[in-house]
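Numbering (my numbering), first residue to last: 24 to 516.
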């Protein structure tokens, strides 16, 4: 029997290591699931990352999974692997509340495609994770389930809108966390919690909510994607494989291979420089520079330069998204949401240009030019390295400080939200620590080349190590009760 070098407690293992250990009888599914449930019950009270506890269902699923293995049945790639699901997608029999009290009884009649795919792969859901109201903020707080905290520091943002999933994954609740991303909602939490993610290409992972009373606006459909988050890049890669299986309910799903042809020769990487109006923290930029050096050490060729029309692309993302929300969704939001969300949306509107019908149609037409420009850049340099934000992680709920602060936060993260307009895949790789909090970089690839972005993220992880192991070590030393806090000098790796 093959022995696996699974270091640390069971809940610290990667998805491939966990799945392999289960397949080979090194550990039972029940042991794995119980280890994660125990971890959840230990750390979640301080984090509020998981807001619907499905422990009983998970234990029952674990017993069945062990019986299936004993009976010699075919096993999925995530057989017995514990995961969490963001509460804004349909999970059959549970409320898709999206953080809104008025939706607390909106029970999903069936699973969304991403949930169905994870179940078919054998994954076992521990619970549903928190999100801000309507998933419209980069901070995870809502009147139904409350505030989610960052496991590195209770005073700092865990990100949003998949902040519950990001906090859970970093703390060791589940091997993979599901999330989604229309303006950074996978990538913000990955950065804030020191974990990896991949925002897939539009059409890679099928999406649909059977409980939805209406279809989403056009550009929301084109800019929103589902994806995995995890402490290990290899877990993120396996999670993507499981999530990306076909589902006829999503008309945009594309049967593209998960692995593309290997590029000939060395791979060039554009180390994209911030726009002049982005007020950069030199410590953050030094960490991104360190990531470039790590890629260079791994054999990539780094070229510094400017990304194509970054500010214009980001502004178009904002303009189009706000035009759709204000026209088709704002009345519902104002009817069911709190003043905090209404004020945040007003702040988004304040830095967006109001589009009439002609302006909206012109922006959609112009989007094709921007996608073309970036695709041409990616033909020349198949990867683009960027900051996630040019500033360190915010304190909790800083977006409630008014329109100017909201603009500053999103301007600092311009490289993130702009990519939703383009529909290109982006990986997040942790790089180091500043003042006790994680830092990360973003790696952009061409359409359906998630494999190349993840390869580069893996190269960085190979040099940095698993950042969350420092978090887990602090926790094991008894420096916290579920939430870890530490200041201190910068640490690279």
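By construction, the Cβ of each residue, glycine as well, lies at the ideal position given by its N, Cα and C atoms.
Going by the beta-carbon positions, is the gap between residue i and residue j smaller than 8 Å?
i	j	result
residue 52	residue 44	no
residue 292	residue 408	yes
residue 216	residue 155	no
residue 191	residue 73	yes
residue 441	residue 451	no
residue 100	residue 40	no
residue 158	residue 119	no
residue 365	residue 429	no
residue 520	residue 102	The structure shown does not extend to residue 520, since the chain is modelled only from 24 to 516, so the question has no answer here.
residue 311	residue 461	no
residue 491	residue 290	no
residue 474	residue 283	yes
residue 390	residue 444	yes
residue 426	residue 458	no
residue 182	residue 152	no
residue 294	residue 315	yes
residue 298	residue 437	yes
residue 383	residue 432	no
Buried or exposed: residue i, going by 16 or more other Cβ atoms within 10 Å of its Cβ?
i	result
residue 212	buried
residue 281	exposed
residue 140	buried
residue 262	buried
residue 47	exposed
residue 510	Low local confidence applies: a pLDDT of 27 at residue 510 is under 50, so the model's placement there is unreliable, with the coordinate-based value given in what follows. Exposed, because fewer than 16 other Cβ atoms sit within 10 Å of the Cβ of residue 510.
residue 26	Unreliable positioning characterises residue 26 in this predicted model, as indicated by a pLDDT of 41, which lies under 50. A coordinate reading is not provided.
residue 285	exposed
residue 89	buried
residue 434	buried
residue 163	buried
residue 179	buried
residue 346	buried
residue 422	buried
residue 64	exposed
residue 95	exposed
residue 354	exposed
residue 142	buried
residue 480	buried
Quick one, which of the options has its alpha-carbon nearest residue i's?
i	options	result
residue 419	161, 207, 480 and 435	161
residue 300	353, 248, 250 and 413	413
residue 341	373, 366, 351 and 317	373
residue 257	220, 338, 302 and 290	220
residue 392	411, 439 and 339	339
residue 485	254, 404 and 189	254
residue 352	239, 129 and 205	239
residue 124	85, 181, 275 and 168	168
residue 471	130, 278, 56 and 147	278
residue 517	317, 399 and 92	The shown model of the chain, from 24 to 516, leaves out residue 517, and the question about it has no answer.
residue 5	456, 336, 405 and 344	With the chain running from 24 to 516 in the structure shown, residue 5 is simply not present.
residue 439	244, 206, 243 and 379	206
residue 424	376, 494, 367 and 383	367
residue 348	336, 363 and 242	242
residue 84	92, 147, 38 and 55	147
residue 80	306, 249, 56 and 308	56
residue 489	500, 249, 456 and 499	456
Which same chain residues, not among the five before or five after residue i, have their C-beta less than 6 Å away from its C-beta?
i	result
residue 522	The requested residue 522 is not part of the displayed model; the chain covers only 24 to 516.
residue 185	109, 202, 208, 209 and 212
residue 165	122, 155 and 156
residue 503	Caution applies to residue 503, whose pLDDT of 42 falls short of 50 and renders its modelled position unreliable; the value that the coordinates give is listed next. Result list for residue 503: empty, nothing under 6 Å.
residue 251	199, 259, 262 and 263
residue 449	222, 442, 465 and 467
residue 34	58, 59, 62 and 195
residue 36	29
residue 508	Any reading at residue 508 is ruled out, since the residue's pLDDT is 27, under 50, leaving its predicted position unreliable.
residue 394	445
If I measure Cβ to Cβ from residue i and keep anything under 7 Å in the same chain, skipping five residues before and after, which residues do I get?
i	result
residue 194	66, 70, 72 and 174
residue 76	150
residue 128	118
residue 396	331 and 332
residue 514	The predicted model places residue 514 with a pLDDT of 26, which falls under 50 and marks its position as unreliable, so this point remains unresolved.
residue 197	59, 105, 106, 107, 149 and 191
Could you name the residues of the same chain whose beta carbon sits closer than 8 Å to that of residue i, not counting the 5 residues immediately before and after it, in chain order?
i	result
residue 402	469
residue 388	none
residue 115	131, 132, 133, 134 and 138
residue 247	203, 204, 205, 230, 239 and 443
residue 31	492 and 495
For chain C, find out if any of its Cβ atoms is closer than 8 Å to the Cβ of residue i; answer yes or no.
i	result
residue 40	Looking for chain C here will not work: only one protein chain is present.
Under 8 Å, with one C-beta from each stretch per pair, do the region 215 to 227 and the region 100 to 109 reach the 3-pair mark?
no
When you compare the region 316 to 330 with the region 349 to 361, are there three or more beta-carbon pairs, one atom per stretch, that lie closer than 8 Å?
no
Tell me, please, whether the region 133 to 148 touches the region 260 to 267 by the rule of three or more beta-carbon pairs shorter than 8 Å.
Cβ pair count under 8 Å is three or more, so yes.
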